[in-house]
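Q:
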Amino acid sequence: MQTRQPSDPALEDTTRDYMIVFRDSDVGRDIHANLKRGSPIERSCGSDSLSFNTDPDHPMFRPVERRDQSSWAAMPLDLMMGISKRQGDISGGNPGGPINLRETIGSTAGCPRTKKVALIGVAADCEYTKSFNSSVQAAQRNIVNVVNSASQIYEEAFNITLGLRKVQVLPGECPATPPASAPWNAACGTRQNSGPDISRRLNLFSAWRGEQNDDNAFWMLMTTCNSGPEVGLAWLGQVCINTASRQSDRDGGPTQSVSSTGVVVRTPQEWQVFAHEAGHIFGAVHDCDSELCASQANVARARCCPLTADSCDADGRFIMNPTSGRGITDFSPCTIGQICTAMGRNIVRTSCFTNNRNVVTYAGSECGNGIVEEGEDCDCGGEEMCANNRCCDPRTCKFRDGAVCDDSNEECCRNCQFASSDTVCRPSAGPCDPEEKCTGRTALCPKDSYKKDGDRCGNGLACASGQCTSRDMQCRVMMGGRLGGNDTESCDFSSCSLSCRSRSSSPDVCIIGMQYFLDGTPCVAGGVCKMGSCTGSSFGKEIRSWIDRNKNLVIGLSAGLGGLLVLAIFGCIFRRCRRPRPKNRKMAPMKVRSVPDMWTSSVPPDQYTRGPPPGPPQNIPPVYPPPAYSQTYGRGDMPSPRYA
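full-length UniProt numbering puts the first residue of the sequence shown at 1, with every later residue one more than the last.
#1: Can you confirm whether W208, when its beta carbon is compared against all beta carbons of chain B, has any partner nearer than 8 Å?
#2: Given a cut-off of 8 Å on the beta-carbon distance, is the pair T224 and S135 in contact?
#3: By DSSP, does G93 sit in helix, in strand, or in coil?
#4: Let's see if you can read the secondary structure: which residues bound the alpha helix (DSSP H) around M220?
#5: Compare the Cα-Cα distances from I153 to each of I319, Q296, R200 and report the closest residue.
#6: Under DSSP, the beta strand (DSSP E) around E384 begins and ends at which residues?
#7: Could you please give me the residues that DSSP links to D433 through a beta bridge?
#8: Between A149 and R471, what straight-line distance do the alpha-carbon atoms span, to the nearest angstrom?
#9: Do the stretch 229-237 and the stretch 192-209 meet, that is, are 3 or more Cβ pairs less than 8 Å apart?
#10: Decide yes or no for the touch test of the stretch 485-499 against the stretch 515-526: beta carbon pairs closer than 8 Å, at least 3 of them.
#11: Within a Cβ cutoff of 6 Å, which residues of the same chain sit near T396, ignoring the five residues on either side of it in sequence?
#12: Could you pull the DSSP bridge partners for residue 688 from this structure?
#13: Under 7 Å Cβ to Cβ from T129, same chain only, skipping five residues before and after it: list those, please.
#14: Taking all protein chains shown into account, do 16 or more other C-beta atoms lie within 10 angstroms of the C-beta of K530, making it buried, or fewer, making it exposed?
#15: Where V372 and C293 are concerned, what is the direct C-alpha to C-alpha distance, given to the nearest angstrom?
#16: Roughly how many whole angstroms lie between the Cα atoms of K452 and L518?
#17: Straight-line CA distance for R476 to L483?
#18: In whole angstroms, give me the CA-to-CA distance for T442 and C491.
#19: What would DSSP say about residue 656, mapped onto helix, strand or coil?
#20: With DSSP collapsed to three states, give me the class of L164.
#21: Within 10 angstroms of the Cβ of S245, are there 16 or more other Cβ atoms? Answer buried if so, exposed if not.
#22: Could you tell me which uninterrupted alpha helix (DSSP H) segments, each at least 4 residues in length, are contained entirely in the stretch 471-534, listed from first to last along the chain?
#23: Kindly indicate the opening and closing residues of the beta strand (DSSP E) around A234.
#24: Is the distance from the Cβ of residue 691 to the Cβ of F353 below 8 Å?
#25: If you follow the beta strand (DSSP E) that S537 is in, where does it begin and where does it stop?
#26: Using 8 Å as the Cβ pair cut-off and three pairs as the minimum, do the stretch 453-462 and the stretch 329-349 touch?
#27: Could you tell me the distance, in whole angstroms, from the CA atom of A124 to the CA atom of L221?
#28: Relative to the C-alpha of E410, which residue among G46, T114, L101 is closest?
#29: When DSSP labels each residue in this structure, what does D249 get in the three-state scheme?
#30: Could you say which of T488, G513, L564 lies nearest to S506 if we only look at CA atoms?
#31: Just curious, the beta strand (DSSP E) that Q256 is in, first and last residue?
#32: Near Y362, which residues of its chain fall below 7 Å by C-beta distance, leaving aside the five closest residues on each side in sequence?
#33: In the DSSP assignment, the beta strand (DSSP E) including G279 goes from what residue to what residue?
#34: Determine the contact status of I160 and P196, defining contact as a CB-CB distance below 8 Å.
#35: Which same chain residues, not among the five before or five after S260, have their C-beta less than 8 Å away from its C-beta?
#36: On a Cα-Cα basis, can you pick out the residue from A157, F274, E384, D57 that is closest to C45?
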């Protein structure tokens, strides 16, 4: 048997066909068995071994600010990785340290109020298919069952259904060399062949996922190749990130490819391991166990989830326990509070979640799975889950008589009817994220909209990806705890990598973090950050950007120069008014030189009377032509004749 455990009962040999069926809850367990590290049958999660997941600057561990102290409360990892949806108003923020998980235990604030669907992709390597006698169909059916089982507890805890959008199962014959189209499809390591370990498979799979160009919430790789006791691995808080980023290993190891991915090794608790690794992708840390509880710093720094506000050890009873075990079917109240808080504060993304209507899934329409697929009006998840639903008929997945919508499934539905147009279906989350209201004509809330990147929203603050922030503020939130608090500022305006310094403790040291500034954050030459790069730069924009960054200086200089100009104008007017006017001089009378009357006739010389013109006058000396001459200019610039 491929998945037999040492604790399974021994079966008698018989020639007859038989089948044994039992539930996980039918099997007794030692409550401490899962906590014995080093046990030869222990199966554990290796996510804490990834340096990215334990980085102090990771959004799940970094210091945060309260909304009443800053309009920019938290930055989502997808946007820092070159990624946002919205932020929420979660009380209990501690400006001097990480989120206190004790304060959010059991809180569902931040989780969707109506059902959402997280569409996912699952791939299976050759070793996984080989474990089903190389039957691709059998492997596909098992994957569907695993996802359906995990989806049920996500819907109960977070009001989010996992919808299987795409399944890629490769043949059971492992290639000698993994193809470029599936570099993660390699045989397990043996004494003769050192195949990739589980961490290497995750890196290869993450790089591949970044090339898929889809909007799935995450991808999961199924395999049978474990690395020692590790049967699962996933990147923390990467849900809805559909790209892969390269991250340097803080411990000097190889560069890591980070994306919304995980690896699950086939075991008898396969669906629980799947739900566990998906929990990491949603932002959940491990539940506290006796070893983690030995250091109170693990709880104080949000490195593990305590059982209650007063008790640390979760006793291995929940899905996010570091080791797998039978009979575990629920998330702990602390994990529920952490994931809901992370979604509400936009520490993890939710932008890829879809409304539960006309969803296209891998298995096609299936009434009762909780997903409203094509051809269905509603789907409340079967008769047991629909017991109190007055809008949806669970047997037909059609609306009941008189109903036009389902309150449990749509934000703008009240008592099975469309909500009025003054109903707020998505409240404002800050000055850059206005509220949305129902239209009164549909049950769906309008698309979430933000103000334009760069719009002013406060003193020195501007909108970026729906958040009111600045480069200095992002540095204070992300690195203030490490560098000394409120005097932390940005130190490299030309880059979109988080570059910060402390004016008081280390003004000459610029620390570059693993994250990026939010998309829409201003950068050099009037550009804006997008996916970690400065785009749209130009000289003209740089001038406008400099003016915006130095607005007080510009206003002061403009006021000063304007005042000087006004004074100069008034001075000119004043001097003009005081200047003495020159007295008018009387002009000397002009001497008129008499001209001899050369005509005696009373008729003007250019006119004639009737008849022939008169003859020339008598006794008048002849008129000779004037002598030729040229003009020259002498003293006084008066022309003087020069005769030829």
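C-beta atoms are modelled at their ideal positions from N, C-alpha and C, and glycine is treated no differently.
A: Put simply:
#1: Reference to chain B is not applicable here, since this structure consists of a single protein chain.
#2: As a first step, residue 224 must be located in the sequence shown, where it is residue number 224. As a first step, residue 135 must be located in the sequence shown, where it is residue number 135. In this structure, T224 keeps its C-beta atom at 8 Å or more from the C-beta atom of S135.
#3: By one-based count along the sequence shown, residue 93 stands at place 93. Any reading at G93 must be qualified, since the residue scores a pLDDT of 30, below 50, and its modelled position is unreliable; no value is offered.
#4: One-based indexing of the sequence shown puts residue 220 at position 220. Segment 218-223 is the beta strand (DSSP E) holding M220; no alpha helix (DSSP H) there.
#5: Against the sequence shown, residue 153 aligns to sequence position 153. It is I319 whose Cα lies nearest to the Cα of I153.
#6: As a working mapping, residue 384 is identified with position 384 in the sequence shown. No beta strand (DSSP E) holds E384; DSSP gives it neither H nor E.
#7: Taking the first residue of the sequence shown as 1, we reach residue 433 at position 433. DSSP lists G430 as partners of D433.
#8: For the purposes of this step, residue 149 is identified with residue 149 of the sequence shown, where counting begins at 1. For the purposes of this step, residue 471 is identified with residue 471 of the sequence shown, where counting begins at 1. Going by the sequence as given, residue 149 is Ser instead of Ala. So the two alpha carbons sit approximately 44 Å from each other.
#9: Contact between the stretch 229-237 and the stretch 192-209 is present, with at least three C-beta pairs closer than 8 Å.
#10: Because the criterion of three Cβ pairs below 8 Å is met, the stretch 485-499 and the stretch 515-526 touch.
#11: Within the sequence shown, residue 396 is the residue found at index 396, counting from 1. Sequence-distant partners of T396 (beyond 5 residues in either direction) whose C-beta falls short of 6 Å from its own C-beta are missing from its chain.
#12: Within the shown structure, residues of the chain are numbered from 1 to 644, placing residue 688 beyond reach of any answer.
#13: If you number the sequence shown from 1, residue 129 lands on position 129. Result list for T129: V136, A139, V169, L170, P171, G172, in chain order.
#14: Numbered from its first residue, the sequence shown carries residue 530 at position 530. With 16 or more other Cβ atoms from the protein chains shown falling within 10 Å of its own Cβ, K530 counts as buried.
#15: One-based indexing of the sequence shown puts residue 372 at position 372. One-based indexing of the sequence shown puts residue 293 at position 293. Looking at the two C-alpha atoms, the distance is approximately 43 Å.
#16: For this step, residue 452 is matched to residue 452 along the sequence shown. For this step, residue 518 is matched to residue 518 along the sequence shown. Across the structure, K452 and L518 are spaced so that their CA atoms are roughly 14 Å apart.
#17: For this step, residue 476 is matched to residue 476 along the sequence shown. For this step, residue 483 is matched to residue 483 along the sequence shown. Just so you know, the alpha carbons of R476 and L483 end up roughly 9 Å apart.
#18: Position 442 of the sequence shown holds residue 442. Position 491 of the sequence shown holds residue 491. So the two alpha carbons sit approximately 49 Å from each other.
#19: Shown here, the chain extends from 1 to 644; a query on residue 656 therefore has no answer.
#20: In the sequence shown, counting from the first residue as 1, residue 164 sits at position 164. In the structure shown, L164 sits in a strand (DSSP, three-state: E or B).
#21: As a working mapping, residue 245 is identified with position 245 in the sequence shown. Buried, by the Cβ-count rule.
#22: Whole alpha helix (DSSP H) segments, 4+ residues: 471-483.
#23: Counted from its first residue, the sequence shown places residue 234 at position 234. Counted as a single uninterrupted DSSP element, the beta strand (DSSP E) harbouring A234 occupies residues 230-234.
#24: Absent from the structure is residue 691, since the part of the chain shown begins at 1 and ends at 644.
#25: For the purposes of this step, residue 537 is identified with residue 537 of the sequence shown, where counting begins at 1. That residue, S537, is in no beta strand (DSSP E); it is neither H nor E in DSSP.
#26: Here the stretch 453-462 does not lie against the stretch 329-349, with fewer than 3 beta-carbon pairs under 8 Å apart.
#27: Locating residue 124 in the sequence shown gives position 124, where the first residue counts as 1. Locating residue 221 in the sequence shown gives position 221, where the first residue counts as 1. Rounded to whole angstroms, A124 to L221 spans 6 Å at the Cα level.
#28: As a position in the sequence shown, residue 410 is number 410, starting the count at 1. Put simply, of G46, T114, L101 the residue whose alpha carbon is nearest the alpha carbon of E410 is T114.
#29: The residue you call residue 249 lines up with position 249 of the sequence shown. D249 sits in coil when the DSSP states are folded into three classes, being neither helix nor strand.
#30: Numbered from 1 along the sequence shown, position 506 holds the residue referred to as residue 506. Nearest neighbour of S506 by Cα position, chosen from T488, G513, L564, turns out to be T488.
#31: Along the sequence shown, one-based indexing puts residue 256 at 256. From DSSP, the beta strand (DSSP E) with Q256 extends over 256-258.
#32: Walking along the sequence shown from the start, residue 362 turns up at place 362. Once the five neighbours on either side are set aside, the close Cβ partners of Y362 are L164, R165, K166, V167.
#33: Counting from 1 along the sequence shown, the entry for residue 279 is found at position 279. Run containing G279: none in the beta strand (DSSP E); it sits in the alpha helix (DSSP H), 270-281.
#34: As a working note, residue 160 is residue 160 in the sequence shown. As a working note, residue 196 is residue 196 in the sequence shown. Not a contact, by the Cβ cut-off of 8 Å.
#35: As a first step, residue 260 must be located in the sequence shown, where it is residue number 260. Taken in chain order, the residues that qualify are R209, N216, A217, F218, W219, W235, Q238, V239, C240, I241, N242, I281.
#36: Locating residue 45 in the sequence shown gives position 45, where the first residue counts as 1. Across the set A157, F274, E384, D57, the C-alpha of F274 shows the shortest separation from the C-alpha of C45.
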